[in-house]
Amino acid sequence: DTEVTQTPKHLVMGMTNKKSLKCEQHMGHRAMYWYKQKAKKPPELMFVYSYEKLSINESVPSRFSPECPNSSLLNLHLHALQPEDSALYLCASSQDRGDRITDTQYFGPGTRLTVL
Amino acid sequence: AQKITQTQPGMFVQEKEAVTLDCTYDTSDPSYGLFWYKQPSSGEMIFLIYQGSYDQQNATEGRYSLNFQKARKSANLVISASQLGDSAMYFCAMREVLFTGNQFYFGTGTSLTVIP
Chain A
8 DTEVTQTPKH LVMGMTNKKS LKCEQHMGHR AMYWYKQKAK KPPELMFVYS
58 YEKLSINESV PSRFSPECPN SSLLNLHLHA LQPEDSALYL CASSQDRGDR
108 ITDTQYFGPG TRLTVL
Chain B
40 AQKITQTQPG MFVQEKEAVT LDCTYDTSDP SYGLFWYKQP SSGEMIFLIY
90 QGSYDQQNAT EGRYSLNFQK ARKSANLVIS ASQLGDSAMY FCAMREVLFT
140 GNQFYFGTGT SLTVIP
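Sequence order for the protein chains is A and B.
Per our numbering, the very first residue in the first sequence carries number 8; after that it's consecutive.
Per our numbering, the very first residue in the second sequence carries number 40; after that it's consecutive.
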């Protein structure tokens, strides 16, 4: 089973709202990722958690706040977003142990976020 | 310099025909993995096929095969017997093991349209 789930599928929020995106995997993977993707563009890495520790933060604005409560869950807390933050937000996970060459990322279906 | 280059923004193929999607990469890391993902309009990134830098044989997964030419630093995806459901964006990606750990580099993608 290579399933990564994400909720919600769609989210519309105002610039003053606070919301959270959720991601879950039960594959025993130890690395989890958040990506932002604009239409017709490749995904852009935002954050990486490895063994529940933040290992990569790609200079993302502080209005995005990641959280990894345990090895299966990853949240992205959103606050005071801008309209240009509207995008598809993808979560992924990978094993992150042993053979790193073969460490494949498996993606969730994404959350389509619209900021009004 | 771009780590992954996909030079075909859009491709068309007749149903049941084969199609090759191009991908070239740039790395001096001796250990790396190459990945292809399919992204339908629904948004989910679906893992298709993987090739490691030390693999002697080209990878195959069902109708997908990877034409790996290490000296030319190319990793083209071949889809045989195209189906209407193959219409999607296709992304080539690379992981460098020694240099950048958990980071994936994505190409700009190729939009494939299968014509009935």
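By construction, the Cβ of each residue, glycine as well, lies at the ideal position given by its N, Cα and C atoms.
Any C-beta of chain B sitting closer than 9 Å to the C-beta of residue i?
i	result
K29(A)	no
V55(A)	yes
F71(A)	no
P15(A)	no
K60(A)	no
L52(A)	yes
L95(A)	yes
A99(A)	yes
Determine, using beta carbons only, whether residue i comes closer than 9 Å to chain A.
i	result
F130(B)	yes
M50(B)	no
Q142(B)	yes
R134(B)	yes
Y103(B)	no
S70(B)	yes
S67(B)	no
So with CB distances below 8 Å, who are the chain B contacts of residue i?
i	result
G35(A)	Near G35(A) there are no residues of chain B at all, since even the closest Cβ is about 16 Å away, more than 8 Å.
P116(A)	S81, G82, E83
R119(A)	G82
Kindly list, in the order they appear in chain A, the residues whose Cβ is closer than 8 Å to that of residue i.
i	result
T149(B)	Correct list: empty, because the minimum Cβ distance to chain A is about 11 Å.
Where does residue i land, buried or exposed, given buried means 16+ other C-beta within 10 angstroms?
i	result
Y93(B)	exposed
T149(B)	buried
S119(B)	exposed
A98(B)	buried
E10(A)	exposed
V127(B)	Note on identity: in this sequence residue 127(B) is Ala, with Val being the wrong assignment. Classification of A127(B): buried, given that the 10 Å Cβ count is 16 or more.
D103(A)	buried
F143(B)	buried
T118(A)	buried
Could you tell me which of the options sits nearest to residue i, measuring between CA atoms?
i	options	result
S81(B)	D125(B), Q47(B), E135(B)	D125(B)
K16(A)	D103(A), M22(A), A94(A), R70(A)	A94(A)
A132(B)	Q102(A), F54(A), T109(A)	T109(A)
P22(A)	A87(A), L120(A), S62(A)	Reading off the sequence, residue 22(A) comes out as Met, not Pro. Checking every option, the nearest Cα to that of M22(A) belongs to A87(A).
T12(A)	R104(A), V122(A), L81(A), R107(A)	L81(A)
K153(A)	R107(A), L85(A), L123(A)	For chain A, the structure presents residues 8 to 123; residue 153(A) sits outside this window and is missing.
A114(B)	L73(B), Y144(B), F145(B), F86(B)	L73(B)
D65(B)	Q47(B), W75(B), Q41(B), K77(B)	Q41(B)
S101(A)	K25(A), V55(A), K26(A), P50(A)	V55(A)
G146(B)	S67(B), C62(B), F51(B), V52(B)	C62(B)
When DSSP labels each residue in this structure, what does residue i get in the three-state scheme?
i	result
L120(A)	strand
P73(A)	strand
E213(B)	Residue 213(B) lies beyond the stretch modelled for chain B, which goes from 40 to 155, so this question has no answer here.
L105(B)	strand
G124(B)	helix
Residue i versus chain B: which residues are under 7 Å apart at the beta carbon?
i	result
T111(A)	F74, F86, Y89
How would you list, in chain order, the residues of chain A whose beta-carbon sits under 7 Å from the beta-carbon of residue i?
i	result
Y64(B)	None at all; the shortest Cβ gap to chain A is about 14 Å.
F145(B)	P49, P50
Which residues in chain B sit within 9 Å of residue i, going by Cβ to Cβ distance?
i	result
R104(A)	None at all; the shortest Cβ gap to chain B is about 11 Å.
Less than 8 Å between the CB of residue i and some heavy atom of the ligand MG, yes or no?
i	result
Y113(A)	Of the ligands one can find in the structure shown there are none, so the ligand MG has no counterpart to examine.
Could you tell me which chain A residues have their CB closer than 9 Å to the CB of residue i, listed as they occur along the chain?
i	result
S92(B)	I108
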